[in-house]
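Undergrad: Take this structure first; my questions come after.
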Amino acid sequence: MCTSRPCCCRATGTQMTPISSSVRVWIASGHCDMRKGMQGLALIVQEGLGRDPFKGDVFVFRGKSGRLIKALWHDGIGLSLYAKRLERGHFIWPATEGGVIALTAGQMSYLLERIDWRNPQQTWRPTSAG
Numbered sequence: 035m036c037t038s039r040p041c042c043c044r045a046t047g048t049q050m051t052p053i054s055s056s057v058r059v060w061i062a063s064g065h066c067d068m069r070k071g072m073q074g075l076a077l078i079v080q081e082g083l084g085r086d087p088f089k090g091d092v093f094v095f096r097g098k099s100g101r102l103i104k105a106l107w108h109d110g111i112g113l114s115l116y117a118k119r120l121e122r123g124h125f126i127w128p129a130t131e132g133g134v135i136a137l138t139a140g141q142m143s144y145l146l147e148r149i150d151w152r153n154p155q156q157t158w159r160p161t162s163a164g
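For the sequence shown, the working numbering assigns the number 35 to the initial residue and increments by one for each residue that follows.
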């Protein structure tokens with residue numbers, strides 16, 4: 035696990051390649067055909083969203099069921115594709131159709147943990163000081 039800089043993997047405890055807090059994260063609203071691989075998703079970014087998939091931003095796509103997401107990221111060396119499937123529940127996703135929504139790296143961490151990234155809440159509070 036990385037410890038040298040703020041990134042998505044530290045908050046989630048996963049062993050994923052660290053994504054710097056300066057990287058922009060974009061959620062593609064709606065759902066996507068999860069059979070698509072790197073080239074298919076890069077084409078959606080380029081033609082469907084009007085953005086450059088090789089610029090260094092992270093693009094996140096969700097499957098129809100809401101249990102699977104894929105993240106496409108070009109780190110300057112090559113294109114990477116990360117996937118996460120939930121065993122139960124679904125990812126919190128925006129209700130808007132078409133376009134993209136910008137997230138911070140911290141919000142991406144919440145998204146990966148199935149926490150409502152739009153309004154994160156503290157889930158536990160101590161009841162007594164002693």
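Ideal Cβ placement from N, Cα and C applies to all residues, glycine included.
Identify, in the order they occur along the chain, each residue of the same chain with its Cβ nearer than 7 Å to the Cβ of Pro128, setting aside the five sequence neighbours on each side.
TA: Counted from its first residue, the sequence shown places residue 128 at position 94. Cβ neighbours of Pro128 beyond the five flanking positions: Ile61, Ser63, Ile135.
Undergrad: Whole angstroms is fine: what's the gap from Leu145's alpha carbon to Ala163's?
TA: What you label residue 145 is simply residue 111 of the sequence shown in a count that begins at 1. What you label residue 163 is simply residue 129 of the sequence shown in a count that begins at 1. So the alpha carbons of these two residues sit roughly 31 Å apart.
Undergrad: How many Å lie between Arg152 and Gln73 at the Cα?
TA: Taking the first residue of the sequence shown as position 1, residue 152 is located at position 118. Taking the first residue of the sequence shown as position 1, residue 73 is located at position 39. Cα-Cα distance, rounded: 30 Å.
Undergrad: Relative to the C-alpha of Ile149, which candidate in Gly123, Thr161, Gly133 has its C-alpha closest?
TA: Taking the sequence shown and counting its residues from 1, one reaches residue 149 at position 115. Nearest C-alpha to Ile149: Gly123.
Undergrad: For Arg96, count neighbouring Cβ atoms within 10 angstroms of its own Cβ and tell me buried if that reaches 16, exposed if not.
TA: The sequence position of residue 96 within the sequence shown is 62, counting from 1. Buried: at least 16 other Cβ atoms inside 10 Å.
Undergrad: On the criterion of 16 or more Cβ atoms from any shown chain inside 10 Å, does Lys89 qualify as buried, or is it exposed?
TA: If you number the sequence shown from 1, residue 89 lands on position 55. Flag for Lys89 reads exposed.
Undergrad: Any idea what DSSP makes of Ser143, helix, strand or coil?
TA: For the purposes of this step, residue 143 is taken as residue 109 along the sequence shown, with counting starting at 1. Residue state, collapsed to three classes: helix.
Undergrad: When you compare only the Cα positions, how much space is there between Gln141 and Gly84?
TA: The residue given as residue 141 occupies position 107 in the sequence shown. The residue given as residue 84 occupies position 50 in the sequence shown. When rounded, the separation of the alpha-carbon atoms in Gln141 and Gly84 is 23 Å.
Undergrad: Since Ile135 sits in a beta bridge, which residues does DSSP pair it with?
TA: Locating residue 135 in the sequence shown gives position 101, where the first residue counts as 1. Its beta-bridge partners are Ile61.
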